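I have placed the structure first, in the form of structure tokens, so that the comments after it can refer back to it.
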Amino acid sequence: MKSPSLRAPALCLGLLALTACGKKEQGPPQMPPPQVGVVTVQPQNEPLTKDLVGRLSSFRSADVRARVSGVLLKRVYVEGSDVKKGDLMFQIDPAPYQAALNSSIANLASAKATYTNAHVVAERDRQLIPQGYIARAQLDADEATERSAAAAVQQAQAAVETARINLGYTRVVSPIDGRSGQQQVTEGAIVGNGTADTGASATLLTTVDQIDPLYVNFTMSVADMEQLRQAQTGGGVTLAQPNTATVRVTLPDGSTYAEPGVLDFTAATVDPSTGAMNLRAQIPNPRHSLLPGMYVTLKAKLGEQHQVFLVPQTAVLRDTAGAYVFVVGGDGNVKRHDVATGGMSGSNWVVTGGLAAGDQVVVSGVQNVRDGAPAKASPWQPQPAAGGSAAAAGK
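In this text, residue positions in the sequence shown follow this note's numbering: the first is -10, and each later residue adds one.
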């Protein structure tokens, strides 16, 4: 039998061993799952848009050229002003053309007098031939003279008309409604109408550009066009009908132009120098705030996408494998989903693949989650804009 003095140290050693084992089984304290804000996504239809860059050009641009030769007497219009079709813009010296018209009129009067005389003689012969007072050969000769005189009258009338047209061309008028350009030739200069023999072109006096509406010209790659056609074939996209696709122009200062445009032309061939297709839209410009030659950013609405998801921009991450999001599953664990994006809609990405209805996509706290680790999800609330917060604070 052991003595009490020996049993006490043994009991203490047993208690210490049990205490050490208990501590070893508990291990280090576990961190709570991170708090994340999620949005529950649902499929929906969304406009199919493309962000592009285009250049504005005149709806119509007309060269105002001299159509007759002569001395330029004066410029009538104000450079840079709006003109109407038929408004007088330049005056070429009309004196030689007025003299040519007067000469043609005199020649016409002479031709008419000759015809009258020939007609009288031929008519008299036609009355005398039945009585045998003149020979048949005489009648034939007089009728030939009558016909020649009639042809000379027609020729003289044509000469008068030509002279009158040339005289009218000394008044150089605007061929279209639009905004006039800078004068290219000063008063006193000799202008020419150009001839096919010399190969010279008619003298350019100025230009007139119609700037309401305007055209905006842009391009789209063949790959993008083919992708849209394949998406339409698969039923994921409905492309807009011709002349119904709309565009919105963003001005250089970042503001959106008030008037929407309509896509009115798509080239049937590919430009071999760029590998892209040329497209054109027509933009109303009633206040003439847009000018030809400006480069603008435009958002083209080309149709509608079906069964896509809108995901806040901060939720979509990228690495070498592509775009992905984190989704909190029903078991509370986070899982990575690789997604396909199809452009932006406001502050959201349009996700065309990789998600399912009801998925809880992590938007806030993304930096704290890991694939396969748990997370505590709560509905995500967008932060108010800085401007809105300042305004609220001011109130």
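Beta carbons: idealized from backbone N, C-alpha and C, even for Gly. Here the structure is a predicted model, which means the values were calculated and not measured.
- Here Thr208 is near Met266, since their CB atoms are less than 8 Å apart.
- Within 10 angstroms of the beta-carbon of Pro119 lie fewer than 16 other beta-carbons, which makes it exposed.
- With contacts defined as CB atoms closer than 8 Å, Leu287 and Leu37 fail to qualify as a contacting pair.
- Nearest neighbour of Gly347 by Cα position, chosen from Gly318, Ala362, Asp360, Ala329, turns out to be Gly318.
- Classified as exposed, Gly121 has fewer than 16 neighbouring CB atoms from the shown chains inside 10 Å of its CB.
- With respect to the 8 Å criterion, Ala148 and Ser93 are classified as neighbours on the basis of their beta carbons.
- The three-state reading of DSSP puts Ser367 in strand, counting E and B together.
- Apart from the 5 residues on each side of it in sequence, Val251 sits with its Cβ closer than 8 Å to the Cβ of Asn232, Thr233, Ala234, Thr235, Val236, Ala270, Gln271 in its chain, given in chain order.
- Distances from the alpha-carbon of Glu150 to those of Thr303, Arg136, Leu97, Leu194 put Leu97 closest.
- Annotation: the continuous alpha helix (DSSP H) that includes Thr151 extends over 125 to 158.
- In the three-state scheme derived from DSSP, where H, G and I count as helix and E and B as strand, Arg276 is classed as coil.
- Counting other Cβ atoms within 10 Å of its Cβ, Glu135 reaches 16 or more and is therefore classed as buried.
- Between the stretch 193 to 206 and the stretch 276 to 287 there are three or more C-beta pairs closer than 8 Å, enough to call the two in contact.
- Residue environment: Ile81 is assigned as buried (16 or more neighbouring CB atoms within 10 Å of its CB, all protein chains considered).
- In the three-state scheme derived from DSSP, where H, G and I count as helix and E and B as strand, Ile179 is classed as strand.
- Closest by C-alpha distance to Ser190, out of Phe48, Val57, Ser353, is Val57.
- Judged by DSSP secondary structure, Asn91 falls within the alpha helix (DSSP H) whose first and last residues are 84 to 117.
- Segment contact: the stretch 24 to 34 against the stretch 347 to 363, three or more CB-CB distances shorter than 8 Å; contact assigned.
- The beta carbon of Ala310 is closer than 8 Å to those of Asp327 in its chain, skipping five residues each way along the sequence.
- By the neighbour-count definition (other C-beta atoms within 10 Å, threshold 16), Asn91 is an exposed residue.
- For Gly343, the CB contacts under 7 Å within the same chain, skipping 5 residues up- and downstream, are His326, Asp327, Val328, Ala329 in chain order.
- Exclusion of the five residues before and after Thr159 leaves Val57, Gly59, Gln80, Ile81, Asp82, Pro83, Tyr86 as the residues of its chain whose Cβ lies within less than 8 Å of its Cβ.
- Per DSSP, Arg218 is one residue of the alpha helix (DSSP H) stretching across 211 to 222.
- In the three-state scheme derived from DSSP, where H, G and I count as helix and E and B as strand, Gln199 is classed as strand.
- Residue burial annotation: Thr195 is buried, with at least 16 other C-beta atoms found within 10 angstroms of its C-beta.
- DSSP places Thr303 in the helix class (H, G or I) of the three-state scheme.
- In terms of Cα proximity to Leu62, the closest of Asp129, Phe48, Met78, Leu280 is Met78.
- The C-alpha of Pro249 lies about 15 Å from the C-alpha of Lys39.
- In the DSSP assignment, Gly43 forms a beta bridge with Phe207, Val285.
- The residue from Glu132, Val53, Gln127 with its alpha-carbon nearest to that of Asn106 is Glu132.
- For Asp327, the enclosing beta strand (DSSP E) starts and ends at 323 to 327.
- A residue is called buried once 16 or more other Cβ atoms fall within 10 Å of its Cβ, and Gln294 is buried on that count.
- Annotated three-state conformation of Gln173 is coil, per DSSP.
- Here Ala145 has Asn96, Leu97, Ala100 as same chain residues with Cβ atoms under 6 Å from its own Cβ, once five neighbours each way along the sequence are excluded.
- Thr330 is bridged by DSSP to Val340.
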